[in-house]
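All remarks here apply to the structure that follows.
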Amino acid sequence: MSPQKMEIFKSLESWAEQNMLMHLKPVEKCWQPSDFLPETESEEFHEQVKELRESCKELPDEYFVVLAGDMITEEALPTYQSVMNSLDGVRDETGASLSPWAVWIRAWTAEENRHGDLLNKYLYLSGRVDMKQIEKTIQYLIGSGMDPKFENNPYNGFIYTSFQERATFISHGNTAKLAKDHGDVKLAQICGTIAADEKRHEIAYTKVVEKLFETDPEETILALAGMMKKKLKIPSHLMYDGQDDNLFKHYYAAVQRLGVYTVKDYAGILEFLVGRWNVEKLESGLSGEGRRAQDFVCGLPLRIRKLEEKSMERTKKHGCITSTVPFSWIFGGGGILRDANGYFKGAFTSHYGIGSNNRVELKALFDGIRLCKRLSYSSVIIESDSKIVVDWFRVGKCTLWYLWDFWDECIQEMQGMNVQIVHQYREGNQAADFLAKLGERGSNVIYEEFHELPRLLQGIVRIDRSGLLAIRH
Ligand SMILES: [Fe+2]
Ligand SMILES: [Fe+2]
Numbered sequence: 049m050s051p052q053k054m055e056i057f058k059s060l061e062s063w064a065e066q067n068m069l070m071h072l073k074p075v076e077k078c079w080q081p082s083d084f085l086p087e088t089e090s091e092e093f094h095e096q097v098k099e100l101r102e103s104c105k106e107l108p109d110e111y112f113v114v115l116a117g118d119m120i121t122e123e124a125l126p127t128y129q130s131v132m133n134s135l136d137g138v139r140d141e142t143g144a145s146l147s148p149w150a151v152w153i154r155a156w157t158a159e160e161n162r163h164g165d166l167l168n169k170y171l172y173l174s175g176r177v178d179m180k181q182i183e184k185t186i187q188y189l190i191g192s193g194m195d196p197k198f199e200n201n202p203y204n205g206f207i208y209t210s211f212q213e214r215a216t217f218i219s220h221g222n223t224a225k226l227a228k229d230h231g232d233v234k235l236a237q238i239c240g241t242i243a244a245d246e247k248r249h250e251i252a253y254t255k256v257v258e259k260l261f262e263t264d265p266e267e268t269i270l271a272l273a274g275m276m277k278k279k280l281k282i283p284s285h286l287m288y289d290g291q292d293d294n295l296f297k298h299y300y301a302a303v304q305r306l307g308v309y310t311v312k313d314y315a316g317i318l319e320f321l322v323g324r325w326n327v328e329k330l331e332s333g334l335s336g337e338g339r340r341a342q343d344f345v346c347g348l349p350l351r352i353r354k355l356e357e358k359s360m361e362r363t364k365k366h367g368c369i370t371s372t373v374p375f376s377w378i379f380g381g382g383g384i385l386r387d388a389n390g391y392f393k394g395a396f397t398s399h400y401g402i403g404s405n406n407r408v409e410l411k412a413l414f415d416g417i418r419l420c421k422r423l424s425y426s427s428v429i430i431e432s433d434s435k436i437v438v439d440w441f442r443v444g445k446c447t448l449w450y451l452w453d454f455w456d457e458c459i460q461e462m463q464g465m466n467v468q469i470v471h472q473y474r475e476g477n478q479a480a481d482f483l484a485k486l487g488e489r490g491s492n493v494i495y496e497e498f499h500e501l502p503r504l505l506q507g508i509v510r511i512d513r514s515g516l517l518a519i520r521h
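Position in the sequence shown counted from 1, then plus 48, gives you the working numbering.
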């Protein structure tokens, strides 16, 4: 950025001090994640976790996909702080600079940090998602960063953040509403509280851009038009979980299907900001290029809406394909039953929306036992890839209190059968692994005939004959 433009941000420091920092909340007045979560120090902790799990059970898996994606986006906060600190004129020069721009960046980050923290802990306790996969996705995402195309220009930065804070205000507000509709008042409160923070941040950032329009209308309108031409990207657009190369696309499709954040919202935000900044009424201080940029921006919301309507019409005309997209964040399981000679006798895939790792292991085992019973096999060796579950059976005791009811059910189901359970590494049985992946993708099938199996699996079964019932999650 040119020295003259740098000078503008220097001259706005006292303005920022008085008009921007007032939108931060003192730490002592802020909510903290623990205000909304079961109290670990309480005698009732276990009861509270049970309640939390009970109240989210009506929410569909797809909702949890969206909530997990939102949490992952919030958790990539180190990236957003780095990006803010890439901006000329406002960056934190020392790490503890006292310039109001730097004070804002640090305190904003500190406030935002509670969002990912709260959603992360909530999702962990809900047992509805595969935390390890989600944690991997966060690590990948922070490692990948983001490319918002700011070109070190703070005009671009403040326009983007105005837009983005409003977008998160809308999307967290919508996840709150959906939670309420499905009877989870507590989760609705969590998402609503985060949305309120986003609103406060939106007010601060839009104020900065308003001031920039007043101080330097030409540069600001060019920046706004430039950013809109590049199409604003969601901060987590580089999301990856180690498995799905189109993870962001799939996540974003789920977000749109649930109506949490849509193209209409995108157009709505732009319309709102154009009004908020009085863009249509800008007159003085604009060159020819500035005026063209102004026309472009003012006409854009309508153009986006028209394009959206056309695409909706096309979908109506040609039908819409809804697919169950595989998400590694949601649990699944599967297993295969073979006789002593390794010949196929049966298989299953199960999609488990609910479950901690161990619960899913146990559930897959339960489904395997049921399959044996259904096919009248009373003497079986079960291979499981969970060392913990195998150990429970070895000592005849489950060590996790919240699985005790289910553990009893499993033992009941095994009455009258001769079952031996052994540990096998996940990689050790490709067929069971394949079936578990189908389960993760939403499949719930029992196969009794070899020819019903997917082609690829038939090949794996032919090669991999170990003569055991193998269970995977
Ligand atoms: Fe946030
Ligand atoms: Fe935010």
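No residue lacks a Cβ here, since even glycine has one placed at the ideal position from N, Cα and C.
| Query | Result |
| --- | --- |
| Spatial distance of V493 from V437 (CA atoms) | 24 Å |
| Span separating the alpha-carbon of V257 from that of W156 | 17 Å |
| heavy atom of ligand 2 below 7 Å from H249 C-beta | yes |
| Option nearest H285 by Cα separation, candidates C78, F57 and P196 | P196 |
| Host beta strand (DSSP E) of R176 (start-end) | Per DSSP, R176 belongs to no beta strand (DSSP E) and is neither H nor E. |
| I242 CB to nearest heavy atom of ligand 1 below 7 Å | yes |
| L334 to V345 span [Cα, whole Å] | 14 Å |
| Three-state secondary structure assigned by DSSP to S284 | coil |
| Limits of the unbroken beta strand (DSSP E) element including G323 | Element bounds for G323: not the beta strand (DSSP E) but the alpha helix (DSSP H), V311 to R324. |
| Proximity to Y170 [Cα-Cα], best of L189, E92 and P81 | P81 |
| Euclidean distance between Cα positions of P148 and E65 | 5 Å |
| Reference L318, options D292, E110 and G347, closest by Cα | G347 |
| Per-residue DSSP class, three states only, for A155 | helix |
| CB contact flag (L135, N222, <8 Å) | no |
| Cβ-based burial, G464 [other Cβ within 10 Å; buried from 16] | exposed |
| Start-to-end residues for the alpha helix (DSSP H) that takes in K393 | Note, K393: premise wrong, no alpha helix (DSSP H); beta strand (DSSP E) at F392 to Y400. |
| DSSP-derived helix/strand/coil call for L72 | coil |
| W455 to G416 span [Cα, whole Å] | 14 Å |
| I430 in three-state terms, based on DSSP | strand |
| Helix, strand or coil at I352 [DSSP, three-state] | helix |
| Residue span of the beta strand (DSSP E) that contains H230, given as start and end | No beta strand (DSSP E) holds H230; DSSP gives it neither H nor E. |
| Expected contact under 8 Å - CB spacing of V509 and I429 to nearest Å | The Cβ separation is near 17 Å, so there is no contact. |
| Cut-off 7 Å between Cβ atoms - residues of its own chain near K247, not counting five sequence neighbours on either side | F217 |
| Three-state secondary structure (DSSP) of G193 | coil |
| Inter-residue Cα distance where the pair is R503 and M119 | 37 Å |
| Helix, strand or coil at Q468 according to DSSP, with G and I counted as helix | strand |
| G336 to I56 span [Cα, whole Å] | 23 Å |
| Own chain, CB closer than 7 Å to S371, minus 5 neighbours either side, in chain order | In this prediction, S371 scores a pLDDT of 42, lower than 50, which makes its location untrustworthy; no coordinate-derived value is stated. |
| Neighbour-count burial assignment, C446, 16 or more Cβ in a 10 Å radius | buried |
| Member of I238, M49, G117 and F206 whose CA lies at the smallest distance from the CA of R83 | According to the sequence provided, residue 83 is Asp. The question's Arg does not apply to it. D83 has its Cα closest to that of I238, out of I238, M49, G117 and F206. |
| A124 beta carbon less than 8 Å from that of I186 | yes |
| Euclidean distance between Cα positions of G394 and R386 | 7 Å |
| Stretch-stretch touch, CB-based, cutoff 8 Å, three pairs: the region 100–108 with the region 229–244 | yes |
| Sub-8 Å separation of G8 and M49 beta-carbons | Here the chain covers residues 49 to 521 and nothing more, so residue 8 does not appear. |
| Outcome for D289 when other beta-carbon atoms lying within 10 angstroms are tallied against a minimum of 16 | buried |
| Endpoints, alpha helix (DSSP H) assigned at G307 | From DSSP, G307 is part of no alpha helix (DSSP H); its letter is neither H nor E. |
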